[in-house]
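Protein chains in written order, with the UniProt record's numbering: chain D, 1 to 281; chain A, 1 to 281; chain S, 1 to 281; chain G, 1 to 281; chain U, 1 to 281; chain F, 1 to 281.
Read the structure below first, then the notes.
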């Protein structure tokens, strides 16, 4: 929207310019989407307004106004330069790491994982400011709309890719480092009915495969890889690969195979197959 | 709503009084939620009306009227004291067992698992009365809105906690005892294309970890614990722990380790780790 | 709707006649659903119109018009006799294989898996025509509404049953044969951040159990069975059963037990239990 | 709706039975309206529920819930037998006096004048109970939705026909007797900025033609007729006809022509034409 | 919409091409309207689809589907070339006669009088086909949404301008010729509670000023002019002017001033002022 | 909303403080309105935000986003101190002159005339900036929602009361002075199909009664009074009263009775009655 109120144009916001360009090309090429693209992207002056508009519409309900949510989200974006930064780094991460992502515009409009993550960033800030009921209401709407349940207290770094998104559950005291890639159905869960620090800490550059369940206040070391469907209950050292249910380290506990590339960047889930010389199938 | 029609105030409904008190505090503290809290909680005279209003709005669609659903749900609540009882016992269970639950109001408004369970109770009663198409339509809306697919014929006890909720699937002939705790992505599934009794029976006090898949007409004994990601195809004895894919009993089939506490109450998913002396990771 | 524009009545569309008959019976028996059934089924002249109306409403949002989507879907259905055929074969498959499905009408209105699959067929055709942004927008709405993320480029045969649907993820270069049955939480995923052919190919008649994760450009042979929770990274031969995480063939890699019936038809997930003589539980 | 809560079936409510019968015939004859008729009429058990549902939907907005309004209206209807009586007498009056009214169902669903009048009856009762802001909110919605602005304090008798409805304005201290017929654009207005009793009192059986403006605390005597476009600022005696701007009595002030039939029943607006021997046209 | 179903492009539909061109210019010049213009005009292939989409949205309600209405309206437009013709002639008339109309696009999107008239044409055809309840439901929605109450049986010619529209009431047996211009608040009413032919017949080229009330089965002759606020109960000869309440002919009954131009084209409401040498003001 | 973006709190905005106080009292006294009052008034920090939110919701449609309208309106309010001033002066005028107005909150939420006038101020500014299509779109929505058709080019002073609002039509080149009071159904119309300056100019302090029609580029002098239903085609001198159809000056053209009070303030419509010694009624 051509709004003056608040969202001042970032100087030289190249990502936003690129995204708008993509949206314009799509609108020109596909008449059936033009109205949608103008409403969600092209009418807005800044990335923050566009994203707040999109999230406000998606998270609204018959008892929770979209305009109120829009204002809330815009306000948080305007107050917090870290979030504005994170939005762009996340978007670049999705675009770079996910071969199914064809454009920034595609990420912005269509990726549940990206949208839920940015909505979480808003809820997290509200939580940090002590606005607990509001943060929890947003968490709840994210869970209903995107099927991703991220506790507003959870800490999430920048450059994070939530691929597909459906079924992700992240607990209250979990933290996720930078440049982490997390596939769908991943749980960073607690255990027990006691409060306190009870959820996993995920290091930078970690890759967590689809359906992996990581439980308890444990550390997944920097650059580690968690295989699809793994159930992890104990710390995983940096740059190692854990697979299976219960999870074991590829190469064994004492001398696990060391990864030389950052798995969240290669997005390579399966190169450890060759390790399984005795794989029965 | 200040409605006289039907929902008479329960005498001394302390839980509802507490919930209203929480909602009032939240509304006073957080202006951005006040409208929402008045609409969903504070305007209503009884727990049943408030819950029916919330469910009616969530389950409605452009072809299924929210007011019609509200009336349906209120009617079922008014006819069936067992459901009115179960709502409160479930709510207390969530509040007590889930450390992320900060208030009854939080549970009522935000917990997909709680909401889907109460909506299922309505569908189940309709199913029992032979109103099959209506029960199935409600099941379908629960599945779309909360991503929980519970067949209306399934029997669910009281004091049940569905934590996070996303991805839960419960089949037609499944039954769940009292005080059971079920994490997200849990399947109580059947097998085969034949009808008949084909789904699991879950005993009282069982805890089922995230992503566990339990298939077939088998029994999970009272107070048993099913580990996250376990795939269970055979009966599990009472007060034992099954983990892994395929699942095995912790301590072995013949002399499995006996649990001394009710796992659904401790919500302790991972204390069996110490048992895994040979756990490779 | 009594519309003349486009959707000509299929000659002798017995399935549609049967479905309408069921809807009429339900409307007569259950007053609370009559409005819904007239709006979604009985007012329409053809299966295609009814389905387009239902999908248009479900996939619409505050920025994406339901009428526009209705027209898009009707147009695709009218242009492509293969899709018209597939709709009916899928519906018969659901009705026949899923004992919880009580009628064609039930399938049409309530089955997320069926609805998401038909919406995907529309997205797939648009993708094939080069209408990429539109196909991706539809994918995104399917993912939000049905919690099923199917890349529009993925190829899906006829007679496919997606049971429960929640959490299914199907990648860009995946293909699925005819008469395949896929339970919820199944992933046909890729690996790595490179594009190219990187997803599984599922043969005809395969049955994939709940929560199975199949990764990479591998083949699941015709009539194979993948157990619930299996994590499969290597080809599975035809008519064999793979279970576990990591998956292994029942009977061993060299002489796996041969299946004599098509598993997607028997929907038998668990008959291999007897094979597990040493199953520990 | 098959609701038990509150709206007990009136014994032998023949009007409602007739109305339902008409709705059923219409639904059978016109498929395009069947969903609408089931939702608005046929699913409801009583006239009061159906009317409350229809008004709740029409008067709702994005900030005023339809279900809340439904409950409010049902409650008022249940508390006040006078209103329940008036609804039916009004409906019979419309059906009898308006040749364009083809059925009770037609009146109930389509007549703005009838709907606005019944909504006013609700607002009036709330006003009488001191619920001023709520009464005024309903007045406002009636004015926006039906373009009829009736102050909630205004008193309206039974058997009143508001034909077409658009543009009617009725002030705070106005009263309208029984069996009155009022065409569109009629004003019963006050004058001056002082409060107090300042609006017209309309006697039983009066007919007020389209666009008539009646201002001030004056009396329109029983059975009088006010011509279309008349501007009336002084009392009109019973059974006389006032026409013109400014209004004059047909036949003269001293010996006005006496009406022998009740004009609101004959709905005869123009029989006085013959009187105008010097009518210039 | 890029729909193939039914609305084939009229050959050389210059008006539609012009209208689209205007909409494109507006969308390019005013970003805040672009989404709206693409949704309502630019995505559609034919005038008929665009108009049906616009009317479907405006006339829909929570119980009356916009897509259903769209289909109904498109079907009627496709069946009846007379209506397709009338749409264009009306639009040209508005554009030409109303100096406030800046473009065809402006007329199509914003003119209540134009939109209500085209919706009436649909209702009129349905009425003629015996689809009475549907025609009456559309009349009712037109009355609520546009504040114009036109009985579906009323006959309306081509090239008709309803300026402003609010408050127009046209009775069942009224007829309106071609090239008539009717200002707001005009009533073509009946009288009495008897059915039968009881409403005015308006000749070609008549101009009826704001607030005029014309009652009974009388004739307003071709090219006559009815002054604002006139109350007309007797025939008005062709090419004469009637003013006042009660109306009188300008120039007197015996030798009324003859109009030499068609008043509905000049839209000259006040040139007769010079005639009123004794006008008191 | 607690928004920082743009709408800075006016220093010492006593009117807004008073309005909020009234809304809080109403919310406390009437539970059924609390949600509505928090959403529309209490959650907002400034009068401008609250009004923009209310107008955005009312003027939105399925193709015109409420959030977009909110932003548009807020932007205009922020840019133009004259409008911010006018809002408050209008509100005070309504509160003071209309005895039916019980509070500022009542005016803000419920008065169509007030809301339409402020929306017009927005449209007028957009028109002045050359944003013609946007201004016309807003005019159209005002006309549909409030049944008041005010051309965006029309100039309206401050302290203007549009009482009831329904049916008001104000043409392109009309202007209205300060402290004018205009009842419903009033037309300030043009004549002829030529453009140019063709609508009335209304002086300060004028009172225009219900249903008055004023046509052409004429002047209504300062402090004049136009009687209900008057049809005025010639200038009216200051502080005189015109009544009737056609209108004449009370007291005669040459020596009309002089008004000693400002009629728009006394709102006295009928004190001239005593003048009509020969009034026939």
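Even for Gly, the Cβ is constructed at its ideal location relative to N, Cα and C.
Just so we're clear, the structure is a prediction, and the values are computed from it rather than from any experiment.
Original post:
By the criterion of Cβ-Cβ separation under 9 Å, what are the contact partners of residue 66 of chain U in chain F?
Top reply: Along the fifth chain, one-based indexing puts residue 66 of chain U at 66. Within chain F, the residues placing a beta-carbon under 9 Å from that of residue 66 of chain U are 62, ordered along the chain.
Subject >> For residue 210 of chain F and residue 277 of chain G, the rounded distance between their alpha carbons >> reply: Along the fourth chain, one-based indexing puts residue 277 of chain G at 277. Along the sixth chain, one-based indexing puts residue 210 of chain F at 210. Caution is warranted here: a pLDDT of 32 is assigned to residue 277 of chain G, below 50, making its placement in the model unreliable, and the coordinate value is therefore given only provisionally. So the alpha carbons of these two residues sit roughly 30 Å apart.
Original post:
In terms of residue numbering, what span does the beta strand (DSSP E) encompassing residue 214 of chain F cover?
Top reply: The residue labelled residue 214 of chain F in the question sits at position 214 within the sixth chain. In the DSSP assignment, residue 214 of chain F falls within the unbroken beta strand (DSSP E) covering 213 to 215.
Original post:
Curious, which full-length beta strand (DSSP E) runs of at least 3 residues does the stretch 16 to 60 of chain A contain?
Top reply: Runs of the beta strand (DSSP E) inside the stretch 16 to 60 of chain A: none found.
Original post:
Going along the chain, which residues of its own chain have a beta-carbon closer than 7 Å to the beta-carbon of residue 231 of chain S, five neighbours each way excluded?
Top reply: The count along the third chain starts at 1 and reaches residue 231 of chain S at position 231. Excluding residues within five positions, the ones whose Cβ falls inside 7 Å are 213, 245, 246 and 247.
Subject >> Distance between residue 239 of chain U and residue 82 of chain U (C-alpha atoms, nearest Å) >> reply: The residue you call residue 82 of chain U lines up with position 82 of the fifth chain. The residue you call residue 239 of chain U lines up with position 239 of the fifth chain. Whole-angstrom Cα-Cα distance: 28 Å.
Original post:
Counting along the chain, where does the alpha helix (DSSP H) carrying residue 189 of chain G start and finish?
Top reply: Against the fourth chain, residue 189 of chain G aligns to sequence position 189. If you look at residue 189 of chain G, you'll find it isn't in any alpha helix (DSSP H); it sits in the beta strand (DSSP E) that goes 187 to 189.
Original post:
Got a sec: is the Cβ-Cβ distance from residue 145 of chain S to anything in chain U below 8 Å?
Top reply: Mapped onto the third chain, residue 145 of chain S falls at position 145. Not one chain U Cβ lies under 8 Å of residue 145 of chain S.
Original post:
Out of D:47, D:249 and D:223, which has the shortest C-alpha to C-alpha gap to residue 234 of chain D?
Top reply: Here residue 234 of chain D is taken as the residue at index 234 of the first chain, counted from 1. The residue from D:47, D:249 and D:223 with its alpha-carbon nearest to that of residue 234 of chain D is D:249.
Original post:
Counting contacts by CB-CB distance shorter than 8 Å, is residue 48 of chain U in contact with chain F?
Top reply: As a first step, residue 48 of chain U is located in the fifth chain; it is residue number 48 there, counting from the start. Cβ-Cβ to chain F under 8 Å: no for residue 48 of chain U.
Original post:
If residue 70 of chain G sits next to residue 35 of chain S, beta carbons under 8 Å apart, how far is it from one beta carbon to the other, in whole angstroms?
Top reply: In the fourth chain, the residue the question calls residue 70 of chain G occupies position 70. In the third chain, the residue the question calls residue 35 of chain S occupies position 35. The Cβ separation is near 15 Å, so there is no contact.
Original post:
Terminal residues of the continuous beta strand (DSSP E) containing residue 242 of chain G?
Top reply: Mapped onto the fourth chain, residue 242 of chain G falls at position 242. DSSP places residue 242 of chain G inside the beta strand (DSSP E), whose first and last residues are 241 to 243.
Subject >> Within 8 Å of chain B by C-beta, residues of the stretch 179 to 207 of chain A in sequence order >> reply: The structure shown contains no chain B; the protein chains it does contain are D, A, S, G, U and F.
**OP:** Verify the CB distance criterion: does residue 125 of chain S have a CB-CB separation below 8 Å to chain D?
**Re:** Translated into the one-based positions of the third chain, residue 125 of chain S becomes position 125. So no, residue 125 of chain S is outside the interface.
Original post:
Cα-Cα, which of G:148, G:98 and G:108 is closest to residue 187 of chain G?
Top reply: Taking the first residue of the fourth chain as 1, we reach residue 187 of chain G at position 187. Minimum Cα distance to residue 187 of chain G is reached at G:148.
Original post:
Between the beta-carbon of residue 157 of chain U and the beta-carbon of residue 122 of chain U, is there less than 8 Å?
Top reply: If you number the fifth chain from 1, residue 157 of chain U lands on position 157. If you number the fifth chain from 1, residue 122 of chain U lands on position 122. Taking 8 Å as the Cβ cut-off, residue 157 of chain U and residue 122 of chain U do not qualify as a contacting pair.
Subject >> Proximity of residue 90 of chain D and residue 160 of chain D at Cβ, strictly below 8 Å >> reply: By one-based count along the first chain, residue 90 of chain D stands at place 90. By one-based count along the first chain, residue 160 of chain D stands at place 160. Yes; because the gap between Cβ atoms is below 8 Å, this pair is in contact.
Original post:
How big is the Cα-Cα spacing for residue 162 of chain U and residue 140 of chain F?
Top reply: Along the fifth chain, read from residue 1 onward, the residue named residue 162 of chain U stands at position 162. Along the sixth chain, read from residue 1 onward, the residue named residue 140 of chain F stands at position 140. Each residue's alpha carbon lies about 14 Å from the other.
Subject >> Selection from F:242, F:221 and F:78 that minimises the alpha carbon distance to residue 177 of chain F >> reply: Here residue 177 of chain F refers to the residue found at position 177 when the sixth chain is read from its first residue. With distances taken between Cα atoms, residue 177 of chain F lies closest to F:221.
**OP:** Return no unless some Cβ of chain A is closer than 8 Å to the Cβ of residue 29 of chain F.
**Re:** Stepping through the sixth chain from its first residue, residue 29 of chain F is reached at position 29. It does not: the Cβ of residue 29 of chain F has no partner Cβ on chain A nearer than 8 Å.
Original post:
Less than 8 Å separating the beta-carbons of residue 138 of chain D and residue 59 of chain D?
Top reply: Position 138 of the first chain, counted from the start, is the residue given in the question as residue 138 of chain D. Position 59 of the first chain, counted from the start, is the residue given in the question as residue 59 of chain D. Between residue 138 of chain D and residue 59 of chain D, the gap from beta carbon to beta carbon is short of 8 Å.
Original post:
Going along chain S in order, which residues have a C-beta closer than 7 Å to the C-beta of residue 149 of chain A?
Top reply: Your numbering for residue 149 of chain A matches position 149 in the second chain. Neighbours of residue 149 of chain A across chain S, judged by C-beta separation under 7 Å: 164 and 166.
**OP:** Using three-state DSSP, classify residue 252 of chain A as helix, strand or coil.
**Re:** For the purposes of this step, residue 252 of chain A is taken as the residue at position 252 of the second chain. Residue state, collapsed to three classes: coil.
Subject >> Chain-ordered chain D contacts of residue 267 of chain A [CB-CB under 9 Å] >> reply: For this step, residue 267 of chain A is matched to residue 267 along the second chain. In chain order: 190, 191, 192, 193 and 194.
**OP:** Kindly say whether residue 153 of chain A, judged by its beta-carbon, lies nearer than 8 Å to any beta-carbon of chain D.
**Re:** In the second chain, residue 153 of chain A corresponds to position 153, counting from 1. Judged by the 8 Å Cβ criterion, residue 153 of chain A is not in contact with chain D.
Subject >> Three-state class that DSSP yields for residue 77 of chain U in the structure shown >> reply: Position 77 of the fifth chain, counting from 1, holds the residue named residue 77 of chain U. In the three-state reduction of the DSSP assignment, residue 77 of chain U falls in the helix class.
Subject >> CB contact check: residue 243 of chain D to chain S, cutoff 8 Å >> reply: Position 243 of the first chain, counted from the start, is the residue given in the question as residue 243 of chain D. Yes, residue 243 of chain D counts as interfacial toward chain S.
**OP:** Just the chain U side, please: which residues come within less than 8 Å of residue 40 of chain G by C-beta, in chain order?
**Re:** As a first step, residue 40 of chain G is located in the fourth chain; it is residue number 40 there, counting from the start. In chain order, 63 make up the part of chain U whose C-beta sits under 8 Å from the C-beta of residue 40 of chain G.
Original post:
Given a threshold of 16 other Cβ atoms within 10 Å of its Cβ, counted over all protein chains shown, does residue 63 of chain F qualify as buried or as exposed?
Top reply: Taking the sixth chain and counting its residues from 1, the one referred to as residue 63 of chain F is at position 63. Classified as buried, residue 63 of chain F has 16 or more neighbouring CB atoms from the shown chains inside 10 Å of its CB.
Original post:
Excluding five sequence neighbours on each side, which residues of the same chain lie with their C-beta closer than 8 Å to the C-beta of residue 125 of chain G?
Top reply: As a working note, residue 125 of chain G is residue 125 in the fourth chain. Contacts found: 76, 79, 80 and 83.
Subject >> chain U contact residues for residue 102 of chain G, given Cβ-Cβ distances below 9 Å >> reply: In the fourth chain, the residue the question calls residue 102 of chain G occupies position 102. Per Cβ cutoff of 9 Å: 132, 133 and 136.
Subject >> Collapsed DSSP secondary structure at residue 8 of chain D in the structure displayed >> reply: Working through the first chain from its first residue, we reach residue 8 of chain D at position 8. For residue 8 of chain D, the predicted structure reports a pLDDT of 46, less than 50, and the residue's modelled location is therefore unreliable. The matter cannot be settled from this model.
**OP:** Can you check DSSP and say which residues form a bridge with residue 182 of chain A?
**Re:** Walking along the second chain from the start, residue 182 of chain A turns up at place 182. Beta-bridge pairing links residue 182 of chain A to A:162 and A:208.
**OP:** Return the bridge partner residues of residue 219 of chain F from the DSSP annotation.
**Re:** Position 219 of the sixth chain, counted from the first residue, corresponds to residue 219 of chain F. Beta-bridge pairing links residue 219 of chain F to F:201.
Original post:
Bridge partners of residue 175 of chain A, per DSSP?
Top reply: As a first step, residue 175 of chain A must be located in the second chain, where it is residue number 175. Paired residue(s): A:155 and A:201.
**OP:** Look at the alpha carbon of residue 175 of chain D and the alpha carbon of residue 100 of chain A, and state the distance between them as a whole number of angstroms.
**Re:** Counting from one through the first chain, the residue named residue 175 of chain D turns up at place 175. Counting from one through the second chain, the residue named residue 100 of chain A turns up at place 100. Spanning the two alpha carbons is a distance of roughly 16 Å.
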